[in-house]
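Chemist: One structure is given below, represented as structure tokens, and several questions about it will come after.
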Amino acid sequence: MKGERGTGSLGKSFRSALAFYPPALISALLVVGELVGQEVFVVGGTVRDWLLNRRPGDLDLTVRAGATTCCRLLQRQLGGGTYVPLGRDEEDAGRLVWQGVIVDFSSYRLGAGTIAADLKLRDYTVNAMAVSLGVLADPTAGLRLIDPLNGFDDLTGKILRACPGAFAADPLRLLRGFRFEATLGFSLEDTTREQIHQQARSLSRVSVERVSAEIEQIMASGRAAVTIEALAASGLLEQILPELAQGVGLQQPGFHHLDVFGHSLAALAHMEQILLEPATCYPGQESYFREYFGVETRGRRVCRLLWAALLHDLGKPSTHRVRPERDDRITFYGHEQEGERQIHVLGRRLRWSNEQRKGVGRLVAMHMHPFHLCNVRRQAPLSRKACLNLVRRAGDDLPGLFLLAMADSLAGQGADRPPELEAELAQLLSQVRAVNELALQPVLNGPRLLTGRDLVAEFSLSPGPIFAQILTHLELARIEGQVEDRSQALDWVRSYLQKEGLD
9 MKGERGTGSL
19 GKSFRSALAF
29 YPPALISALL
39 VVGELVGQEV
49 FVVGGTVRDW
59 LLNRRPGDLD
69 LTVRAGATTC
79 CRLLQRQLGG
89 GTYVPLGRDE
99 EDAGRLVWQG
109 VIVDFSSYRL
119 GAGTIAADLK
129 LRDYTVNAMA
139 VSLGVLADPT
149 AGLRLIDPLN
159 GFDDLTGKIL
169 RACPGAFAAD
179 PLRLLRGFRF
189 EATLGFSLED
199 TTREQIHQQA
209 RSLSRVSVER
219 VSAEIEQIMA
229 SGRAAVTIEA
239 LAASGLLEQI
249 LPELAQGVGL
259 QQPGFHHLDV
269 FGHSLAALAH
279 MEQILLEPAT
289 CYPGQESYFR
299 EYFGVETRGR
309 RVCRLLWAAL
319 LHDLGKPSTH
329 RVRPERDDRI
339 TFYGHEQEGE
349 RQIHVLGRRL
359 RWSNEQRKGV
369 GRLVAMHMHP
379 FHLCNVRRQA
389 PLSRKACLNL
399 VRRAGDDLPG
409 LFLLAMADSL
419 AGQGADRPPE
429 LEAELAQLLS
439 QVRAVNELAL
449 QPVLNGPRLL
459 TGRDLVAEFS
469 LSPGPIFAQI
479 LTHLELARIE
489 GQVEDRSQAL
499 DWVRSYLQKE
509 GLD
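Going by my numbering, the residue at position 112 of the sequence shown is 120; the numbering climbs one at a time, nothing skipped.
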């Protein structure tokens, strides 16, 4: 039959792929096919991943009609599982999650009468292949790969070629092509890339939730920087992250060798490399970063750091100024705070969780703090108070803040930058950690030398906001080594009250 090819040696690997799934599931699926009187086909990304010797994320199946009915019948045959409707508009599709396995059923698209016709209506040729589940489960049957658009050849060549009319049917496929570039390491062929460029504006018709889901997969791919750059060239980035696109061509002062957009991409690329082995940039800090990227928190923290690296200078276009009184010097005063504000706007638009929006925003707001302290250290020894301010401001994200600073530093290689800036950041982290562990934590976590009751008993003060002010400044005095015991604490408070005119 036209559009089919013998699988040869692939037949054995196809059949071994069934071992990814519980035998009870395959048996139940075969029963469902008999009950509905239809052939069940394995399609799309599942077939593609089998051919690439990758473990598929789910099991994609299609039938001529009645996909949701098949899902319900499968649930009944298995005696459990969670059913989730998937269809958009008039689509008939459903999902069953059973024992950690995701099974997606869809009916032939747009009234297609054959599996070959259905495959031609999909997104990319590498996803337009199918095999019969019944034949696959029968070791005596001759296995054929249904491939009407020669997707196998494109898969072998690592080429992403759009199916006919793919983008008109669903503009999200414009973006999905770049997601496949990022996650599969394939390349869009020239005609498809040109079609994407011509139709980029149609992405605006797609729901934000669907767009955001694709972008998150790109960010987690390990190839986010090169993919974001390709999105910019295609015209899609302006539809998704217009704030970021405003940095294109925006020049920076001598600390930088790239425009704002290029620097943002470079910071993201460096962050992707840093996250592979954080201690490479901070020697001797392996356990520190290992603890930060714990099993339960790693995914969230990696996601926040990647976004923070890409968006850390989001506030620069709106704060860009050329100062004639300073020899036309370019400045971006307050870009950290403006960037944080824009992160919240962008995060709400992309439907980020409150945690992610606040986490990325906070990192962006703080990203210059380590550099300011490096400037201070070049002039004079760093005070314990300065270390305390940084520790308190960063909180649990102190390790992440230094990783962001390192990515930012590596991305800025202008002639005016300090030549040893990366080494300075590593030294600063070591110093801040040492001061924190030896001087700050014993004070912050230990018993107080004085309490509010002492202020009442010893100085006849009335409780109020002044108590927090006194005790906070007393805590700083302890951290800086000015006060070590209760007697000295009382003397310090007495002196403080006299100075403030409260004695």
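Glycine included, every Cβ here is placed at the ideal spot set by N, Cα and C. None of these values were measured; they are calculated from a predicted model.
(1) Going by DSSP in three states, D112 sits in which element: helix, strand or coil?
(2) Taking the alpha-carbon of Q85 as reference, which of L37, D131, D66 and L67 has the nearest alpha-carbon?
(3) So R425 and F186 are in contact, right, with Cβ under 8 Å, and what is the actual spacing, rounded?
(4) Is E47 near G53, with beta carbons less than 8 Å apart?
(5) Around the Cβ of N135, are there at least 16 other Cβ atoms within 10 angstroms (buried) or fewer (exposed)?
(6) Use the C-beta contact count for H205: other C-beta atoms within 10 angstroms, 16 or more gives buried, fewer gives exposed.
(7) Could you check which residue in H481, K128, E508 and H320 has the C-alpha nearest to that of G420?
(8) So what's M9 in DSSP terms, helix, strand or just coil?
(9) What is the C-beta distance between K166 and G193, in whole angstroms, given that I count them as a contact (C-beta under 8 Å)?
(10) Does the separation of the CB atoms of G408 and Y300 fall below 8 Å?
(11) Over what stretch of residues does the beta strand (DSSP E) that includes G292 continue unbroken?
(12) Beta-carbon separation of A442 and I487 under 8 Å?
(13) Along the chain, where does the alpha helix (DSSP H) containing D68 start, and where does it finish?
(14) Would you please state the rounded distance, in angstroms, between the beta carbons of D336 and R370? I believe it to be under 8 Å.
(15) Determine the extent of the beta strand (DSSP E) in which T133 is found, giving its start and end residues.
(16) Which residues mark the beginning and the end of the beta strand (DSSP E) in which L104 is found?
(17) So what does DSSP say about R334, is it helix, strand or coil?
(18) Which residue marks the beginning of the beta strand (DSSP E) containing L153, and which one marks its end?
(19) State the start and end residues of the unbroken beta strand (DSSP E) segment that holds T90.
(20) On the DSSP letters alone, give me the boundaries of the alpha helix (DSSP H) that F175 sits inside.
(21) If you count every other CB in all the chains shown that lies within 10 Å of the CB of Q350, and 16 or more means buried, which is it?
(22) With three or more beta-carbon pairs closer than 8 Å as the criterion, would you say the region 286-294 touches the region 208-225?
(23) Answer with buried or exposed for M9, where buried requires no fewer than 16 other C-beta atoms within 10 angstroms of its C-beta.
(24) Would you please state the rounded distance, in angstroms, between the beta carbons of L252 and S272? I believe it to be under 8 Å.
(25) I'd like the ranges of any alpha helix (DSSP H) spanning at least 4 consecutive residues and lying wholly in the region 451-499.
(26) Using the Cα positions of M374 and Y290, report the straight-line distance between them to the nearest angstrom.
(27) Measure the alpha-carbon distance for A317 versus S468 and round it to whole angstroms.
(28) L157 to Y341, Cα distance in whole Å?
(29) Return the Cβ separation of L26 and L81 in integer angstroms, given the expectation that the two are a contact with Cβ distance under 8 Å.
(30) Bridge partners for I167 per DSSP, in chain order?
(31) For R72, I'd like the list of residues in its chain whose CB is within less than 6 Å of its CB, leaving aside the five on either flank, ordered along the chain.
(32) Nearest to A241 by alpha carbon, out of F269, L313, S495 and W360?
(33) I need the straight-line Cα distance from R213 to Q107, nearest angstrom please.
(34) Output the boundary residues of the alpha helix (DSSP H) element that contains A138.
(35) Return yes when the C-beta of R84 is under 7 Å from any heavy atom of the ligand FAD, and no when it is not.
(36) Report the three-state DSSP secondary structure of T339 (helix, strand or coil).
Modeler: Reading off the structure:
(1) strand
(2) L37
(3) Wrong, their Cβ atoms sit about 32 Å apart, outside the cutoff.
(4) no
(5) buried
(6) exposed
(7) H320
(8) The predicted model places M9 with a pLDDT of 47, which falls under 50 and marks its position as unreliable, so this point remains unresolved.
(9) 7 Å
(10) yes
(11) That residue, G292, is in no beta strand (DSSP E); it is neither H nor E in DSSP.
(12) no
(13) From DSSP, D68 is part of no alpha helix (DSSP H) but of the beta strand (DSSP E) over L67 to V71.
(14) Actually they are not in contact, since the Cβ atoms of D336 and R370 sit about 33 Å apart, beyond 8 Å.
(15) Segment: none, T133 is in no beta strand (DSSP E) and carries neither H nor E.
(16) A101 to W106
(17) helix
(18) R152 to I154
(19) T90 to P93
(20) A174 to A177
(21) buried
(22) no
(23) Model confidence at M9 stands at a pLDDT of 47, short of 50, so the residue's coordinates are unreliable; what they give is reported in the following sentence. Exposed, by the Cβ-count rule.
(24) 7 Å
(25) 460-467 and 473-487
(26) 19 Å
(27) 52 Å
(28) 55 Å
(29) Incorrect: roughly 20 Å between the Cβ atoms, too far for contact.
(30) S195
(31) Q46 and Y116
(32) F269
(33) 36 Å
(34) From DSSP, A138 is part of no alpha helix (DSSP H) but of the beta strand (DSSP E) over A138 to S140.
(35) Ligands are entirely absent from the displayed structure, and the ligand FAD is therefore not among its contents.
(36) strand
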